[in-house]
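Q:
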Amino acid sequence: MAIVSFNEMLQDADKRHYAVPMFDVSNLTMMRAAVEVAEELHSPVMLAAIPVDIEGKSLDYWVHSAVYAANQVKVPVCLHLDHSSNLELCVRCAKKGFQSVMIDASADSFEQNIAKSREVVDAISKLGVAVEAELGHVASGITGAENGMSENGHSDDCHTIFTDPESVKEFIERTQVNALAVSIGTTHGVYISAPKLNIPLLKELKKSADVPLVLHGGSGTPQDQLSEAIKEGISKINIYSELTSAWNSAMKSFLNSREEMTCYFSVATKQADAAMRSVMREKIRMFNSDNKF
Ligand SMILES: [Zn+2]
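So in numbering that gives the first Met the number 0, spot 173 of the sequence shown is number 172, and the numbers just go up one at a time.
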């Protein structure tokens, strides 16, 4: 099956009450881990690029690696651009073969968010590429990742705005987006204390939205809350921070245990790769997307 459309992937999740795991993947090692774990657990998977990883010529390396990885497995795979605030980047990715992009104008005013999201829809829907936008704002927290993270891994984007259920219908009608990221209590990055999702708000949002709903900042959200969110209509959950955290921690302990720094790259990264795959497995099971294909 390999590459499928964004709409097809999310509609199936909505219909069969699971959430598509979207992993932000920076290189072939992460892509390979994501598709192999998805294949092993019979789950669909979305491979997402973050803008910092696809600057300049890096986009070509990213997309060729991702298409190759997708074609090695039988489960459905979708290539997605995560958190772009840039129309030109959305168009470049759409033309390179991505199935979907996220335009993030959630920090702008309601009218500006509509205008920017609609501009992307108008530019790329004719290419058959789907668009996700965000209404309300999922902040990046204290150690935010996936979105708005600076080079030292810290963020000053701490201002969460919950999605207003009154605005959802108008936003979707005027933008014509294919999926909506909502803010119901998660934050990007690593949590200091567990988040508390606003499930009653999610129920309201689901009633007003006729497109699939997306949860950002899924890393670190407890299982019971995620299960509840999926039951009430979340069809895609984004994961990044827990992948990098698992990888970096395993690399650190491996490197600290050695005097010699000239070992083979594939040997040095073995434990980190295993740790990251184990997080991917855990998330797929948490999202109930296993055993679907
Ligand atoms: Zn996000």
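Think of the CB as a built atom: it goes at the ideal place given N, C-alpha and C, for glycine as much as any other residue.
In the DSSP assignment, find the beta strand (DSSP E) that holds His158 and state where it starts and stops.
A: From DSSP, His158 is part of no beta strand (DSSP E); its letter is neither H nor E.
Q: So, helix, strand or coil for Ile191, using DSSP?
A: coil
Q: Please state if the CB of Ser182 and the CB of His136 are separated by a distance shorter than 7 Å.
A: With contacts defined by Cβ atoms closer than 7 Å, His136 and Ser182 form a contacting pair.
Q: Would the stretch 54–68 and the stretch 30–44 be scored as touching if the rule is three or more Cβ pairs under 8 Å?
A: yes
Q: Glu172 lies in the alpha helix (DSSP H); which residues open and close that run?
A: Pro164 to Thr174
Q: Starting from the Cα of Pro43, find the closest Cα among Gly232, Asn6, Cys77 and Cys89 and give me that residue.
A: Cys77
Q: Are the CB atoms of Phe22 and Ile238 within a distance shorter than 7 Å?
A: Taking 7 Å as the cut-off, the beta carbon of Ile238 is found closer than this to the beta carbon of Phe22.
Q: When you compare only the Cα positions, how much space is there between Ile2 and Phe253?
A: 35 Å
Q: Three-state secondary structure (DSSP) at Leu134?
A: strand
Q: Smallest Cα separation from Ile229: which of Ser240, Val213, Ser218 and Ser244?
A: Val213
Q: Tell me the residue span of the alpha helix (DSSP H) that contains Phe253.
A: Ser240 to Asn255
Q: Output needed for Phe109: all residues of its chain with C-beta closer than 7 Å, excluding positions within five of it in sequence on either side, in chain order.
A: Ser166
Q: Kindly indicate which three-state DSSP category Ala267 falls into: helix, strand or coil?
A: helix
Q: Cα separation between Leu196 and Ser277?
A: 25 Å
Q: Given this structure, state the Cα-to-Cα distance separating Tyr17 from Glu118, to the nearest angstrom.
A: 31 Å
Q: Per DSSP, which residues does Asp23 bridge with? Please list them.
A: Ala47
Q: Given the structure, does Asn237 come close to ligand 1, in the sense that its CB is under 6 Å from one of the ligand's heavy atoms?
A: yes
Q: Provide the residue(s) that pair with Ala129 in DSSP beta bridges, ordered along the chain.
A: Ser99
Q: What residue does the alpha helix (DSSP H) around Ser57 start on, and which one ends it?
A: Bounds of the alpha helix (DSSP H) holding Ser57 are Ser57 to Ala69.
Q: If you draw a straight line from the alpha carbon of Phe286 to that of Ser226, how long is it in whole angstroms?
A: 7 Å
Q: Rounded to a whole number of angstroms, what is the C-alpha to C-alpha distance between Glu281 and Val19?
A: 13 Å
Q: If you count every other CB in all the chains shown that lies within 10 Å of the CB of Thr261, and 16 or more means buried, which is it?
A: exposed
Q: Along the chain, where does the alpha helix (DSSP H) containing Val119 start, and where does it finish?
A: Phe109 to Ile123
Q: Taking buried to mean at least 16 other C-beta atoms within 10 Å of its own C-beta, is Phe97 buried or exposed?
A: buried
Q: Could you check how far apart the C-beta atoms of His82 and Asp103 are, in whole angstroms? I think they sit under 8 Å.
A: 5 Å
Q: Tell me the DSSP secondary structure of Val181 in three-state form.
A: Val181 carries a strand assignment under DSSP once its states are collapsed to helix, strand and coil.
Q: Return the CA-CA distance between Ala249 and Glu169, expressed in angstroms with no decimal places.
A: 46 Å
Q: Got a sec? Which residues, its chain only, sit under 7 Å from Leu9 by beta carbon, not counting five neighbours each side?
A: Excluding sequence neighbours, Leu9 sits near Val19, Ala178, Pro211, Ser234 and Lys235.
Q: Considering just the uninterrupted stretch of the alpha helix (DSSP H) at Leu9, what are its terminal residues?
A: Phe5 to Arg15 is the extent of the alpha helix (DSSP H) around Leu9.
Q: Closer than 6 Å to a non-hydrogen atom of ligand 1 - does that hold for the CB of His136?
A: no
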